[in-house]
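Read top to bottom, the protein sequences are chains Y and V.
Just so you know, the numbering used here puts 10 at position 10 of the first sequence, and the rest follows in order with no gaps.
When you read off a place in the second sequence, starting at 1, and then add 1000, the result is the number in the numbering used here.
Every residue, glycine too, gets a C-beta built ideally from N, C-alpha and C.
Below: the structure, in structure tokens.
Number of protein chains: 2
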Amino acid sequence: MSAQAERTEQAGTRERLLKAAAQLAYRDGVNVGVEALCKSAGVSKRSMYQLFESKDELLAASLEKSAERTLSVVMPPAEAALSPRERILYIFARLESQARVTEYQGCPYLAVQVELKDTEHPASRVARRIKVELFEDFFRTQGSLGGASDPETLARQLVLLFDGASARAGIRADDLHGGLATSMARLLLDAAGMG
Amino acid sequence: MSAQAERTEQAGTRERLLKAAAQLAYRDGVNVGVEALCKSAGVSKRSMYQLFESKDELLAASLEKSAERTLSVVMPPAEAALSPRERILYIFARLESQARVTEYQGCPYLAVQVELKDTEHPASRVARRIKVELFEDFFRTQGSLGGASDPETLARQLVLLFDGASARAGIRADDLHGGLATSMARLLLDAAGMG
């Protein structure tokens, strides 16, 4: 095999492993076995360990990779003509739609951290960073743009709301019907002077 | 050994297993091994299986048992001279105190359900029921007593807030400083006409 073909094959193997890790860890939890991961990806353990130091590293990389999808599923398109308030509410409306999807099990970044119970685990670190970059920073920026009285506190409130709503939907304790999450977000925005 | 002494010994063994299961599952997650549980309780596997059908049943029973402690830690004493609004806020103030405890890893009932990803697991069922009985029913009742416009929705909002706050504190994403949870609860109570 040429060096070029080998690189292409390795990239394909890597993609399949990342996808399998994201899917199985989300569905079954972070304790999913290396055996199951490799089987699902159609990859040998030897190939896996040539690409990833450990299952922990694979898990971390798969979360990193999944951020793109999360972005496209729950975040408003950058080009949409929406006000800061509408951009924030968009996320909660998307979350309410997600809650009705059979496979939905809540925010993958929260789940990983709850399951690992180890803030220093490589996957916990990635999950924490993605949550800050995708959500907390976004809420703070939109809050500032929308003239919120305290964008920092508003961002903390909104991520808390997001985590509570996604967790309860994920465990099937609440399907968020009646716009439960968006109506709570509206209250927070009103109180922050973004009415 | 007399039948009486044997019953006392069995009860002690049972208590130790329930305590070990609650502690280890909370600290390390539901995948904690039977080996580790028995070792921590100072009990043989044989004794464990004489008392509990399976690890799953032990886990479920340990959550059931832990409800008493949860009640005493976060709920207002029944005899306290507090208004319905104050009773509700008491819970969130207690949660904010808990968030500063080093060993705090969030609500055990939420964690178990997030980790198991199986609503039919015996421990998930117990966790779900306790959450409804201890929190959702309590919030609804206090809402009704305090004249909330929609006690059902208020209860859903407050449990969501509780889960979001406890989850974020549990993963060390937010220490709830500045009364983050109580101030959000106040907004919800005000909006429900319980100002």
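Residue i, DSSP secondary structure in three states
{"i": "V:Cys1038", "result": "helix"}
{"i": "Y:Val43", "result": "coil"}
{"i": "Y:Val101", "result": "coil"}
{"i": "Y:Pro91", "result": "At residue 91 of chain Y the sequence reads Ile, which differs from the Pro that was named. It is helical."}
{"i": "Y:Asp190", "result": "helix"}
{"i": "V:Thr1119", "result": "coil"}
{"i": "V:Ser1124", "result": "helix"}
{"i": "V:Pro1077", "result": "coil"}
{"i": "V:Leu1110", "result": "helix"}
{"i": "V:Ser1183", "result": "helix"}
{"i": "Y:Leu51", "result": "helix"}
Residues near residue i in its chain [Cβ-Cβ closer than 7 Å; skip 5 each side]
{"i": "V:Ala1199", "result": "No answer is possible for residue 1199 of chain V: the residues shown for chain V start at 1001 and end at 1195."}
{"i": "Y:His121", "result": "Asp56"}
{"i": "V:Ser1149", "result": "Ala1192 and Gly1193"}
{"i": "V:Glu1152", "result": "Arg1140"}
{"i": "V:Ala1127", "result": "Leu1063, Tyr1109, Val1112 and Gln1113"}
{"i": "V:Leu1116", "result": "Val1030, Ala1123 and Ser1124"}
{"i": "Y:Arg100", "result": "Asp175"}
{"i": "Y:Val43", "result": "Thr13, Arg16 and Leu17"}
Chain-ordered neighbours of residue i on chain V, where CB pairs are closer than 9 Å
{"i": "Y:Gln105", "result": "Val1114 and Lys1117"}
{"i": "Y:Gly193", "result": "The premise fails here: Y:Gly193 is roughly 13 Å from chain V at the closest Cβ pair, so nothing lies under 9 Å."}
{"i": "Y:Met48", "result": "What Y:Met48 touches in chain V: nothing, since even the nearest Cβ is about 21 Å away."}
Where the alpha helix (DSSP H) through residue i begins and ends
{"i": "V:Lys1019", "result": "Ala1003 to Asp1028"}
{"i": "V:Lys1065", "result": "Lys1055 to Val1074"}
{"i": "V:Arg1140", "result": "Asp1137 to Leu1145"}
{"i": "V:Val1132", "result": "Premise fails: V:Val1132 is in no alpha helix (DSSP H) and is neither H nor E."}
{"i": "Y:Arg168", "result": "Pro151 to Gly170"}
Beta-carbon contacts of residue i that lie in its chain and below 6 Å, excluding the five residues immediately before and after
{"i": "Y:Lys65", "result": "Leu18"}
{"i": "V:Leu1188", "result": "Gln1157"}
{"i": "Y:Leu51", "result": "Arg14"}
{"i": "Y:Val32", "result": "Leu24 and Ala25"}
{"i": "Y:Met184", "result": "Leu161"}
{"i": "Y:Ala41", "result": "Arg16, Leu17 and Ala20"}
{"i": "V:Gly1170", "result": "Gln1105 and Gly1106"}
{"i": "Y:Arg87", "result": "Pro76 and Gln142"}
{"i": "Y:Ala60", "result": "Pro122, Ala123 and Val126"}
{"i": "V:Ala1067", "result": "Ile1130"}
{"i": "V:Leu1154", "result": "Gly1143, Ala1148 and Ala1192"}
{"i": "V:Arg1085", "result": "Gly1146, Leu1189 and Met1194"}
{"i": "Y:Ala22", "result": "Ser62 and Ser66"}
{"i": "Y:Phe138", "result": "none"}
Cross-chain neighbours of residue i in chain Y, by beta carbon under 7 Å
{"i": "V:Gly1147", "result": "Residues of chain Y passing the Cβ test: none, with the nearest at roughly 18 Å."}
{"i": "V:Leu1059", "result": "Neighbours of V:Leu1059 on chain Y: none; closest Cβ ~15 Å, over 7 Å."}
{"i": "V:Met1075", "result": "By Cβ distance, chain Y contributes nothing, its closest Cβ being about 19 Å from V:Met1075, past 7 Å."}
Residues near residue i by beta carbon distance below 8 Å, same chain, minus five either side
{"i": "V:Phe1162", "result": "Ile1091, Phe1092, Leu1095, Cys1107, Phe1135 and Ala1181"}
{"i": "V:Glu1103", "result": "Arg1027"}
{"i": "V:Gln1098", "result": "Val1073, Val1074, Tyr1104, Ser1166 and Ala1169"}
{"i": "V:Ser1083", "result": "Gly1146"}
Contacts of residue i in chain V (Cβ-Cβ under 8 Å)
{"i": "Y:Leu187", "result": "Leu1187, Leu1188 and Ala1191"}
{"i": "Y:Arg140", "result": "Chain V residues near Y:Arg140: none, gap ~13 Å exceeds 8 Å."}
{"i": "Y:Ala111", "result": "Val1114"}
{"i": "Y:Leu180", "result": "Thr1153, Arg1156, Gln1157 and Leu1160"}
Proximal residues of chain Y, C-beta to C-beta of residue i below 8 Å
{"i": "V:Arg1128", "result": "Ile171 and Ala173"}
{"i": "V:Lys1065", "result": "Result: empty, since nearest Cβ-Cβ is about 21 Å, beyond 8 Å."}
{"i": "V:Lys1131", "result": "Ala173"}
Contacts that residue i makes with chain V (C-beta to C-beta distance below 7 Å)
{"i": "Y:Met1", "result": "In chain order: nothing, as chain V lies at least about 40 Å away."}
- Please name the residues in the segment 1161–1173 of chain V whose beta-carbon is closer than 8 Å to at least one beta-carbon of chain Y, in chain order. Per Cβ criterion, the list reads Leu1161, Phe1162, Asp1163, Gly1164, Ala1165, Ala1167, Arg1168, Gly1170, Ile1171, Arg1172 and Ala1173.
- Message: If the cut-off is 8 Å on Cβ atoms, which residues from the segment 18–31 of chain Y count as contacting chain V, listed in chain order?
- Response: Arg27, Asp28, Gly29 and Asn31
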